[in-house]
Amino acid sequence: MTAEALQRMLQIDRLGAPLFVSWQLTRDCDLACVHCCTESAPGKPMTGELGRAEALALADDIVAEGVPYVMLCGGEPMVVPHFPEIAERLGAAGIQLKIETNGQRFDTAMAQRLAELPVRSVQISLDADSPEIYARQRPGASLAKVHAACRAVRAAGLPLEVTFAPTRLNIAELPAAITRARELGAFRFNTGALMRIGNAAKNWRKLEPTAAQYETFRAELDRSARAGAGEMELAYLPFRMEDGLRQALDEPPATLLVLPNGRVKASAALPYLVADLRRHSLAQAWQRYCDAWHGRTVRDAMARAIAEPASHAGATALQELAPASADPEEGGHP
Ligand code: SF4
Numbered sequence: 004m005t006a007e008a009l010q011r012m013l014q015i016d017r018l019g020a021p022l023f024v025s026w027q028l029t030r031d032c033d034l035a036c037v038h039c040c041t042e043s044a045p046g047k048p049m050t051g052e053l054g055r056a057e058a059l060a061l062a063d064d065i066v067a068e069g070v071p072y073v074m075l076c077g078g079e080p081m082v083v084p085h086f087p088e089i090a091e092r093l094g095a096a097g098i099q100l101k102i103e104t105n106g107q108r109f110d111t112a113m114a115q116r117l118a119e120l121p122v123r124s125v126q127i128s129l130d131a132d133s134p135e136i137y138a139r140q141r142p143g144a145s146l147a148k149v150h151a152a153c154r155a156v157r158a159a160g161l162p163l164e165v166t167f168a169p170t171r172l173n174i175a176e177l178p179a180a181i182t183r184a185r186e187l188g189a190f191r192f193n194t195g196a197l198m199r200i201g202n203a204a205k206n207w208r209k210l211e212p213t214a215a216q217y218e219t220f221r222a223e224l225d226r227s228a229r230a231g232a233g234e235m236e237l238a239y240l241p242f243r244m245e246d247g248l249r250q251a252l253d254e255p256p257a258t259l260l261v262l263p264n265g266r267v268k269a270s271a272a273l274p275y276l277v278a279d280l281r282r283h284s285l286a287q288a289w290q291r292y293c294d295a296w297h298g299r300t301v302r303d304a305m306a307r308a309i310a311e312p313a314s315h316a317g318a319t320a321l322q323e324l325a326p327a328s329a330d331p332e333e334g335g336h337p
């Protein structure tokens with residue numbers, strides 16, 4: 004990494020706050036999916052998760068900084084008792100919301116409550132059309148509940164998007180899942196190559212689709228995109244995580260990724276923690292994030308993540324990143 008690259012002005016340097024906060028409210032989940040990138044499971048919150056009062060204070064800070072768009076996710080946000088309060092605190096201030104859920108507990112009452120807020124979308128996992136295959140990938144999950152959740156979203160007038168994580172178990176289900184998503188009224192179908200993070204990394208040999216499977220998968224996505232243009236967007240590019248990371252290395256996203264304990268990560272693909280929202284304001288966290296992206300450690304690690312996708316497996320081994328300004332080897336903020 005050259006000094007010039009480290010000092011180059013980035014688009015994030017021109018912003019006083021993130022444009023998007025991806026906030027994992029908990030690591031706890033009512034499922035234990037074989038591919039889960041956050042290694043979530045029932046009764047397994049992260050140590051030191053923010054409590055209700057701390058989470059509401061963070062919501063107020065997000066409002067005060069004028070962040071326009073927040074995603075509430077997990078783990079499973081529906082297992083967090085104060086989830087509706089957080090959504091309402093943000094939504095009342097006009098912040099656009101995206102909610103990511105597995106759909107197991109998402110009912111009509113919740114859909115109607117969220118319909119009062121500026122919700123840009125509710126995203127539900129729809130990785131199969133066969134209940135048996137769905138339950139193999141997501142042990143304990145009911146596909147019928149997922150369908151009911153999708154219908155509740157649409158009945159409340161909320162925009163629905165779905166996500167499909169391909170593994171060796173479910174990849175052949177793609178055409179049926181696309182048809183089902185259209186029938187359920189989704190406006191977008193999100194997919195791409197399986198990310199090698201968390202449980203997926205641990206189970207990689209059993210889960211990674213073969214090259215032939217991926218070829219068929221891509222061909223089906225291309226065919227469906229052509230056939231259904233205008234009905235439902237098929238979002239699958241960049242297809243591999245490393246392609247998205249290449250873009251991020253060039254221009255880091257204006258996104259803060261907040262973990263359940265209030266720590267902020269430099270990137271989903273990297274293990275580095277750049278701030279602690281128990282100690283830092285959102286404005287300070289944003290500055291530290293921007294500084295981190297001018298630092299040699301993050302940029303070299305990102306270059307490595309692009310060149311060696313297997314290294315993504317280390318993204319959950321969280322570690323502190325020294326502030327850029329404290330390390331003369333780090334680039335520093337221009
Ligand atoms: S993939 Fe989603 S639903 Fe499955 S265990 Fe992880 S957080 Fe829960």
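Position 13, counted from 1, in the sequence shown is what my numbering calls 16; the numbers after and before it change by one each time, with no gaps. All C-beta atoms in this analysis are idealised placements derived from N, C-alpha and C, irrespective of residue type, glycine included.
Practice item. State the Cα-Cα distance for the pair THR129 and LEU280, rounded to the nearest angstrom. Key: The sequence shown places Leu at residue 129, rather than the Thr named in the question. Approximately 33 Å between the Cα atoms of the pair.
Exercise for review: Go to ALA56, then tell me how far its alpha helix (DSSP H) extends in each direction, as first and last residue.
Suggested key: For ALA56, the enclosing alpha helix (DSSP H) starts and ends at 55-67.
**Study point:** Runs of alpha helix (DSSP H) wholly within the segment 229-253 (minimum 4 residues, chain order)
**Key:** As far as the segment 229-253 is concerned, its whole alpha helix (DSSP H) runs of at least 4 residues are 244-253.
Check your understanding: Between the C-alpha atoms of HIS283 and PRO71, what's the straight-line distance to the nearest angstrom?
Key -> In a straight line, the C-alpha of HIS283 is about 20 Å away from that of PRO71.
Check your understanding: Considering only C-alpha positions, which residue in the set ARG299, TYR275, PRO312 and ALA310 is nearest to ALA320?
Key -> Comparing Cα positions, the closest option is TYR275.
Exercise for review: Identify every residue that forms a DSSP beta bridge with ASN193.
Suggested key: Partner residues in the beta bridge of ASN193, as assigned by DSSP, are THR166 and ALA238.
**Study point:** Beta-carbon contacts of PHE86 that lie in its chain and below 8 Å, excluding the five residues immediately before and after
**Key:** Only residues of its own chain outside the window of five on either side were considered, and among them LEU28, LEU75 and PRO80 have a CB closer than 8 Å to the CB of PHE86, listed in chain order.
Point to revise | Buried/exposed call for ASP225, threshold 16 Cβ in 10 Å | key: If you draw a 10 Å sphere on the C-beta of ASP225, you find fewer than 16 other C-beta atoms in it, and that means exposed.
Check your understanding: What residues in its chain sit with their C-beta under 6 Å from that of ASP132, if we drop five residues either side in the sequence?
Key -> Same-chain partners within the cutoff: GLU176, ALA179, ALA180 and ARG183.
Review point. If you draw a straight line from the alpha carbon of CYS40 to that of PRO142, how long is it in whole angstroms?
Key: Rounded to whole angstroms, CYS40 to PRO142 spans 15 Å at the Cα level.
Review point. Within 10 angstroms of its Cβ, does PRO45 collect 16 or more other Cβ (buried), or is it exposed?
Key: With fewer than 16 other CB atoms across the displayed protein chains lying within 10 angstroms of its CB, PRO45 is exposed.
Exercise for review: Counting only runs of 3+ residues fully inside the segment 100-146, write out the beta strand (DSSP E) ranges in chain order.
Suggested key: Every beta strand (DSSP E) stretch that sits fully inside the segment 100-146 and reaches 3 residues is listed by chain position as 122-128.
Check your understanding: Can you name, in chain order, every residue of its own chain whose Cβ lies under 6 Å from the Cβ of SER43, other than the five neighbours on each side?
Key -> Within the same chain, ARG30, CYS32 and GLY78 come within 6 Å of SER43 by CB-CB distance, once the 5 residues on both sides are set aside.
Review point. Do GLN107 and LYS47 have their C-beta atoms closer together than 8 Å?
Key: Annotated as distal: GLN107 and LYS47, with beta-carbon spacing of 8 Å or more.
Point to revise | Distance, ALA269 Cα to ASP303 Cα | key: Roughly 13 Å between the two C-alpha positions.
Practice item. Report yes if the C-beta distance between ALA295 and ALA272 is below 8 Å; otherwise report no. Key: Taking 8 Å as the cut-off, the Cβ atoms of ALA295 and ALA272 do not count as close.
Point to revise | Inter-residue Cα distance where the pair is THR194 and ALA56 | key: Their backbone Cα atoms lie some 35 Å apart in a straight line.
Review point. Helix, strand or coil: how does DSSP classify ASP279 here?
Key: Looking at ASP279 - three-state DSSP - the assignment turns out to be strand.
Review point. Anyone know if the C-beta pair for ARG185 and MET235 falls short of 8 Å?
Key: Contact: yes.
Review point. In terms of DSSP beta bridges, what is SER25 paired with?
Key: MET74 and LEU260, per the DSSP bridge assignment.
**Study point:** Supposed close pair VAL83, VAL125 - CB separation, criterion 8 Å
**Key:** So it is not a contact: roughly 16 Å between Cβ atoms.
Review point. Going by Cα to Cα distance, which pick from ALA158, PRO312, GLU88 and GLU211 is closest to GLN115?
Key: Of ALA158, PRO312, GLU88 and GLU211, the residue nearest in Cα terms is ALA158.
Check your understanding: Between the beta-carbon of ALA66 and the beta-carbon of ILE98, is there less than 8 Å?
Key -> With the sequence shown as reference, residue 66 is identified as Val, and Ala is not the correct amino acid for it. Yes; because the gap between Cβ atoms is below 8 Å, this pair is in contact.
Exercise for review: Could you check if LEU240 is buried or exposed, using at least 16 other CB atoms within 10 Å of its CB as the buried criterion?
Suggested key: It counts as exposed.
Point to revise | Given LEU197 as reference, the closest of ARG191, THR219, LEU187 and ARG171 once Cα atoms are compared | key: Ranking the options by Cα distance to LEU197, first place goes to ARG171.
Point to revise | Between the CA atoms of ARG123 and GLY335 - distance to the nearest angstrom | key: For GLY335, the predicted model reports a pLDDT of 39, less than 50, meaning its position is unreliable; a value from the coordinates is still stated below. Answer to the nearest angstrom: the Cα atoms are 36 Å apart.
Review point. Taking the C-alpha atoms as reference points, what is the distance between CYS153 and LEU262?
Key: If you draw a straight line from the Cα of CYS153 to the Cα of LEU262, it is about 26 Å long.
Review point. Leaving out five residues before and five after PRO277 in sequence, what residues of the same chain have Cβ atoms less than 6 Å from its Cβ?
Key: Per the sequence shown, residue 277 should be read as Val rather than Pro. The residues are VAL267, ALA269, ARG291, TYR292, ALA295 and LEU324.
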